[in-house]
Structure formats: structure tokens, C-alpha cells
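Student: Letter by letter, the sequence shown follows residues 1 to 573 in UniProt numbering. Every residue gets a Cβ at the ideal spot worked out from N, C-alpha and C, and that includes glycine. Handing you a structure now.
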Amino acid sequence: MIPFSQSIILAFSFINMKMLYDRFAPLLLLFTRVSDASSLKWGPCDLDLAEDAQRLIKAGDCATIEVPLDYTDPKSEKTVELQLIRYNATKEPFKGSVLWNPGGPGISGIETLAYLGQDFRDILGGHHNIISFDPRGIDPLPQADLWEYVKNEAWQSMQAVAEACYESQQENGRFLSTAFTARDMMRIVDALGEDGKLQFWGISYGTILGQVAASMFPDRIERLLLDSNSLADAYFTSTGIGGPKDAEKSLVHLFKECVELGTDVCKLANYSGSKTTVEDLRDATVDLFQNLKNMKDLPDGLSAKDYPYAGNSILKDLKNGIMNLLQSPFSYSTVVDLLSYAFEGDYKKALSLYKEGSSEWNLGKNSFQGIACSETSFRVKTPEDLYPLYQAHLAESTFGDAIAADYMACGAWKLDAAEGVDTNTLRNVNTSFPVMVVNNAYDPITSLSHAYQVASRFRDSRVLVNEGVGHGATSHSSPCLLDAISSYFIDGTLPEVGAKCIPEKGAFELNLLKAFHNNIGFYSVWFVSERKSKRVHRQHRATGGVSEKRLAGLPSPTEPLPLQTGILPQAGD
């Protein structure tokens, strides 16, 4: 799920929340009900996307479909129009259509597939159409002590936003839910006129959508790939505890690669001299975080308005930046720069290296409350009721302080989804075809342990661990992983129990390739495999800088570094 992507900022302005519903307003227009279509009318895409995306979608086509606005009211004649985008199969035999969701809630399937649809279609082997749509309406390191912020500013903000949204959206806001989106997907499946079975690839929040769809329609599952996994039951209680469990593990892995490659690739490899160790870099990070936690006065260049709790506010934003940058192997060099500036005390420059953004299509922070809060059972009456949840986040993950306040946002929400999800139905699910679960070993926001927990709930499912970094298995892929995914969708082959894949190149090596590509996306797959990605070959030939020979000489990640936690001070110690 966005899952946070640290994307909920509690100081939501009413204008930003209005943007959420303005964005979804076209989807909530009322139409006259028509009979279920036996086919969709596909044609050239006419979408208001960026110029580079417009060029790419010429290879695809688009359609719309009307689905019921409220599935809980069979007498209602109101409908919602959903926009679809498709890239067609290029090979025979045709194996059907795969619905694809990139995460969120709030990440646009339309915009993301416009950029990456051809690549994901090719990963599937070229035998499938790939289709996406925008769902209605995406020893611990020292931690920041922000309880005062949570119970004061955050509480006041969430109450104000909840009240404003209730007043303006109490009629239609309740129809934005995962259960309704799952039903929408089955309407799309029916309209495709194929075999009536769902083939689905969900990433991040998309794994929650996939879990719900499988629990609601277990007999209609043909293929279900869950990639970068979040626990659906945690999402529906809006606690999100444990999502960043592997953030510290991911950071330590960066240190390991850095030290192994040396200063030619990573300047932190000389942090304490030529014999710098992983432990040296982790100790420096501990000292940095502890100093910020103890900082009472802001350094020059930073305002109290932006950082009201001095060092603790800086620490929260710094961790947010690190955790988000660790979502892509292409950001490893930026993490190194960020930490280098922070170690030197230049926090302003360090923080400037990370800027979260979104497009008109990808709503990011503006969408999470509008969608997620309406379908969660999490509500509180007083700010003091938030304290146990706040502490639970800190106890579960050393980066829990970076997102704990964000997950409080639903506590004062007043809208309830028209159809909720009974989390008991998400356990012991027997699908008509087994589920495949994949997860990176070093994913900072959807931990590997969650992948195993998700798989345990689906009978005959299999887990494939990709020993790569970042969020989204294809963010740091390998022929092994791509073959496993395509084999699953083409002929139903599942990985062996305990199966693992190891990327051919490490994250820092991919950073060297970054300079050769100007359009790396959040889920970019263009670099994933020299064997399968012609674009990588073209970029290699076009470079006059780093040679392929040098690139080939860099080591790849091997075994994960053991990580000990529980020995460093936490907030309040």
C-alpha cells in the first residue's frame, strides 16, 4: 500500500482534500443503468497525460465501462464510469487478459501503465493483454519523540479534515472502497468476454486488493500474483503496523554494498578511513539520529514553522526521506548523498534531496484518507486513545516513528464505506488456482515477513523471495524472477517451496546505469534483465562513460546481513 509511502501528511489542507474528491467526481457522475456488456469498445486513448506518456500510449488502446455505484443497493440505477487502458498481447497462443494494479490507494493505474505497460506485458511473455484502471476514488535506531505533535497538531488537523470531508462528501464518499473495487474488477472480467476468470497482478496496496478479490471470489481466480505484500487485515484496521519492519535491514544492506564496492562507487566507504565497516556506518547513523532526537534548537536555515519540534521533526523527515529513497535501487546514490550531508550537519541540504511529489493522476497523500479511512474500523474519541497505537508503531519498527503519526489520520473519520471487509474471510482461502507471492528481501515499506503471512492464508500458495532491494519485485529483478512470473501466468508453474532469485547486478551498479536513462519510473522494469530488456542494451551502446566491462565486474548482493535490534535507545528512554 502506498502504504504510507509516507504519503499521509496530517496537515492536510481543505483545498487538498477537495482535490481528492474533485479528481474522483467524474467517477461518481450518475448515469442511467445499461445492461451488462458482452464486450468493451476499445479505441485510441484520449487521455490528458504528459507528452512522453502520450507517445507511449499510442501502442495501447482505451475503453470505458459502467459499473454500479452502490453494489449494496440492487434497486439503484446509479452507475460509475471507469477508464481502462490496455496493451495487447504480441504472441500466440493468447492467454487472456491480466488486470494490473500498481498500489496506493491513490496511484493511478492509467498513468502508471501508460509508462510501463509494454514492459510488464513483455515480462508476462507477450501472451497476455495487460489492462489497468483507476479504482474509484492509493536495537532499534533512535526514534523521534513526536507524541506531543500527535496529540496536539495532528489530532486537531485530522478532526478538521474529517469534518470538512464529511460535510462535502457524505453522499458519495462511502462508495470508495476496496470491496467495491474488487467487484468492479469482476465486472471488467465479465465484459472482456473471455473465460470469466480473474488474472491479476497487484503491487503494494494492489496485494490488499488481490487478497480481498480472492476472498470474495475464490472460485473465479485463474492467476493471482501478489507483489510487495501488505497485510489486508492491518489495512482494514488502519494501523499499518510493521510495514516498515525491513527499513533498517534495507539501510544496513546499502551499507554492506557500499563497503564492498569501495569509494569509486560509494563515498561513504571511506567514512572512517580505508577500513570503514558496515558497523562504522551504522554507528554513525545511530549517533546522527540520537543527536537529532536530543536537539532543542534548530540550526540556521530551518524554520520552526516547518520543524516545530526541532531535532525530532528533522529526524522524522530524514527517516521519511531515507525510507522512500530506499524503495528504488536507483536512489541508492541519493541516500548516500543525503546521509553524507546529514553526517556533516547540513540538514537543509540533506532534506532537500528528497521531495515527495505526485501528478494530477497520482494523488498520493490526497487520496489515502478519502479511500482508506472510510473502510477501516479504526476510530478514537480522544487524542489519548492514539497513544497505544503510536507506541505500537515504535515498538514494531525502528522506522515506525517516520509513519506513526500518519496512520493516526483515520481516527476521527466520519465516513464509512458502503461495503466493508470481514477480515475473517481473509484466512484459509481456497482459490480455484493457487496464489503466487513475490517480495524483495530488502523492501523498506512492505516487509518480507508480511509476504510469508499473506501466503499462509491461501491454500497451496507459493512464495518467491527476490534477493533484491526496493519496493516492487521488478524494481531490482533478474531472469530468474521474470521467468518465474511469466511461467506462472503462461502455464501455471509455481515456484518450489523456499525458492529464491538473486539479481545479476547490485543496486549501486544500477545507479551507474541511471545516468543513461532519463525516464526511470517508480516501478521501472527497463533495467531488469540484459537478456530480456533490449532498452538496457541500447543504453549500454549509447554510453561513452562507464564501460560494460566495469559494470560486469561489480558484485551482486549475496546473503542478507544479520540485523540485531532492541539494543539502542527509543523515544522516551
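Pull the bridge partners of residue 644 from the DSSP assignment, please.
Tutor: Residue 644 is absent from the structure shown; the chain starts at 1 and stops at 573.
Student: Should M185 and A213 be called a contact, given that it needs their Cβ atoms to be closer than 8 Å?
Tutor: Within the sequence shown, the letter at position 185 stands for residue 185. Within the sequence shown, the letter at position 213 stands for residue 213. Cβ atoms of M185 and A213: closer than 8 Å.
Student: Nearest-angstrom Cα distance between L339 and S250?
Tutor: Here residue 339 refers to the residue found at position 339 when the sequence shown is read from its first residue. Here residue 250 refers to the residue found at position 250 when the sequence shown is read from its first residue. The straight-line gap from Cα to Cα measures roughly 14 Å.
Student: With the cut-off set at 8 Å, would you say N324 and G311 are in Cβ contact?
Tutor: For the purposes of this step, residue 324 is taken as the residue at position 324 of the sequence shown. For the purposes of this step, residue 311 is taken as the residue at position 311 of the sequence shown. Contact check for N324 against G311 fails: the beta carbons are separated by 8 Å or more.
Student: With a 10 Å radius around its C-beta and 16 neighbouring C-beta atoms as the bar for buried, classify D443 as buried or exposed.
Tutor: Position 443 of the sequence shown, counting from 1, holds the residue named residue 443. Buried: at least 16 other Cβ atoms inside 10 Å.
Student: Excluding the 5 residues flanking L448 on each side, which residues of the same chain have their C-beta closer than 7 Å to its C-beta?
Tutor: Working through the sequence shown from its first residue, we reach residue 448 at position 448. For L448, where only same-chain residues beyond five positions count, the Cβ hits under 7 Å are D246, N439, A441, V465.
Student: Helix, strand or coil: which one does DSSP assign to D443?
Tutor: For this step, residue 443 is matched to residue 443 along the sequence shown. In the structure shown, D443 adopts coil according to DSSP, grouped into three states.
Student: Using DSSP bridges, identify the partner residues of V429.
Tutor: On the sequence shown, position 429 is the one that residue 429 refers to. Its beta-bridge partners are F458.
Student: Hey, out of P93, T90, F120, whose CA is closest to P102's CA?
Tutor: Position 102 of the sequence shown, counting from 1, holds the residue named residue 102. When only C-alpha atoms are compared, the closest one is F120.
Student: Let me confirm a value: T64 is counted as buried when at least 16 other C-beta atoms fall within 10 Å, else exposed. Which label applies?
Tutor: Position 64 of the sequence shown, counted from the start, is the residue given in the question as residue 64. Burial call: exposed.
Student: Taking G345 as the reference, give the member of L288, E384, D61 with the closest Cα.
Tutor: Within the sequence shown, residue 345 is the residue found at index 345, counting from 1. Comparing Cα positions, the closest option is L288.
Student: Taking the C-alpha atoms as reference points, what is the distance between G383 and C165?
Tutor: By 1-based counting over the sequence shown, the position of residue 383 is 383. By 1-based counting over the sequence shown, the position of residue 165 is 165. For the record, residue 383 in the displayed sequence is Pro; it is not Gly. Their Cα atoms are separated by approximately 20 Å.
Student: Between S377 and F175, how many whole angstroms is the CB-CB distance? I'm expecting something under 8 Å.
Tutor: Here residue 377 refers to the residue found at position 377 of the sequence shown. Here residue 175 refers to the residue found at position 175 of the sequence shown. Not a contact, Cβ separation roughly 18 Å.
Student: Can you list the alpha helix (DSSP H) stretches of 4 or more residues lying completely in the region 296-349, in chain order?
Tutor: 310-325, 332-343
Student: Between the alpha carbons of residue 575 and P105, how many angstroms are there, rounded?
Tutor: Because the chain here runs from 1 to 573, residue 575 falls outside it and cannot be looked at.
Student: Return the Cβ separation of Y347 and P299 in integer angstroms, given the expectation that the two are a contact with Cβ distance under 8 Å.
Tutor: Against the sequence shown, residue 347 aligns to sequence position 347. Against the sequence shown, residue 299 aligns to sequence position 299. Approximately 6 Å separates the beta-carbon atoms of Y347 and P299; this is inside 8 Å, confirming the contact.
Student: Quick one: any contact between the region 258-265 and the region 406-418, if contact means 3 or more CB pairs under 8 Å?
Tutor: no
Student: How is the alpha helix (DSSP H) around C165 delimited, first residue to last?
Tutor: Taking the first residue of the sequence shown as position 1, residue 165 is located at position 165. Residues 155-169.
Student: Check for me: the alpha helix (DSSP H) holding R121 runs from which residue to which?
Tutor: Position 121 of the sequence shown, counted from the start, is the residue given in the question as residue 121. Per DSSP, R121 belongs to the alpha helix (DSSP H) from 109-123.
Student: Hey, which unbroken runs of the alpha helix (DSSP H) at 4 residues or more fall wholly within the region 44-69?
Tutor: 51-56
Student: For D385, which residues from the same chain have a beta carbon less than 8 Å from its beta carbon, with the 5 sequence-adjacent residues on both sides left out?
Tutor: As a first step, residue 385 is located in the sequence shown; it is residue number 385 there, counting from the start. Result list for D385: G411, in chain order.
Student: Could you compute how far the alpha carbon of residue 651 sits from the alpha carbon of I188?
Tutor: The structure shown does not extend to residue 651, since the chain is modelled only from 1 to 573, so the question has no answer here.
Student: Count the other C-beta atoms from every protein chain shown that fall within 10 angstroms of the C-beta of D122, then say buried if there are 16 or more, exposed otherwise.
Tutor: Walking along the sequence shown from the start, residue 122 turns up at place 122. Under this definition D122 is a buried residue.
Student: For L99, report the span of its beta strand (DSSP E) as first-last.
Tutor: Taking the sequence shown and counting its residues from 1, one reaches residue 99 at position 99. Where L99 is concerned, the enclosing beta strand (DSSP E) stretches over 97-101.
Student: Could you spell out the range, first to last residue, of the alpha helix (DSSP H) harbouring N291?
Tutor: By one-based count along the sequence shown, residue 291 stands at place 291. Here the alpha helix (DSSP H) through N291 covers 278-294.
Student: Output yes or no for whether 8 Å exceeds the beta carbon distance between N229 and A392.
Tutor: Translated into positions along the sequence shown, residue 229 becomes position 229. Translated into positions along the sequence shown, residue 392 becomes position 392. Annotated as distal: N229 and A392, with beta-carbon spacing of 8 Å or more.
Student: Going by the CB atoms, is the gap between I85 and I107 shorter than 8 Å?
Tutor: Against the sequence shown, residue 107 aligns to sequence position 107. Against the sequence shown, residue 85 aligns to sequence position 85. The answer is no: Cβ separation not under 8 Å.
Student: Can you tell which of L69, S76, Y307 has the C-alpha that lies nearest to the C-alpha of T181?
Tutor: Counting from 1 along the sequence shown, the entry for residue 181 is found at position 181. Selected option, being the one with the closest Cα: L69.
Student: Out of D337, A395, A350, which has the shortest C-alpha to C-alpha gap to F508?
Tutor: In the sequence shown, residue 508 corresponds to position 508, counting from 1. Checked all of D337, A395, A350; the closest Cα to F508 is D337.
Student: Report the rounded CA-to-CA distance for A499 versus L426, giving the unit in angstroms.
Tutor: For the purposes of this step, residue 499 is taken as the residue at position 499 of the sequence shown. For the purposes of this step, residue 426 is taken as the residue at position 426 of the sequence shown. Roughly 24 Å between the two C-alpha positions.
Student: Give me, in chain order, the residues of the same chain whose beta-carbon lies closer than 6 Å to that of F200; leave out the 5 immediate sequence neighbours on both sides.
Tutor: In the sequence shown, the residue the question calls residue 200 occupies position 200. Excluding residues within five positions, the ones whose Cβ falls inside 6 Å are L99, G210, L224.
Student: Give every residue of the same chain whose Cβ lies closer than 6 Å to the Cβ of V435, excluding the five residues on either side of it in the sequence, and list them in chain order.
Tutor: The count along the sequence shown starts at 1 and reaches residue 435 at position 435. These residues qualify, in order along the chain: L224, F458, S461.
Student: By Cβ distance below 6 Å, which residues in the same chain neighbour I57 in space, the five residues on each side in sequence not counted?
Tutor: On the sequence shown, residue 57 is found 57 positions in, with the first residue counted as 1. Closer than 6 Å at Cβ, skipping near neighbours: C45, A114.
Student: In the DSSP assignment, what are the bridge partners of V465?
Tutor: Position 465 of the sequence shown, counted from the first residue, corresponds to residue 465. Per DSSP, N439, K500.
Student: Can you give the beta carbon distance from P74 to H127, rounded, assuming they're within the 8 Å contact cut?
Tutor: Along the sequence shown, read from residue 1 onward, the residue named residue 74 stands at position 74. Along the sequence shown, read from residue 1 onward, the residue named residue 127 stands at position 127. Contact doesn't hold; Cβ gap of about 38 Å is too wide.
Student: Confirm, please, whether the CB-CB distance from F343 to P244 is below 8 Å.
Tutor: Locating residue 244 in the sequence shown gives position 244, counting from the first residue. Locating residue 343 in the sequence shown gives position 343, counting from the first residue. No, the Cβ-Cβ distance between P244 and F343 is not below 8 Å.
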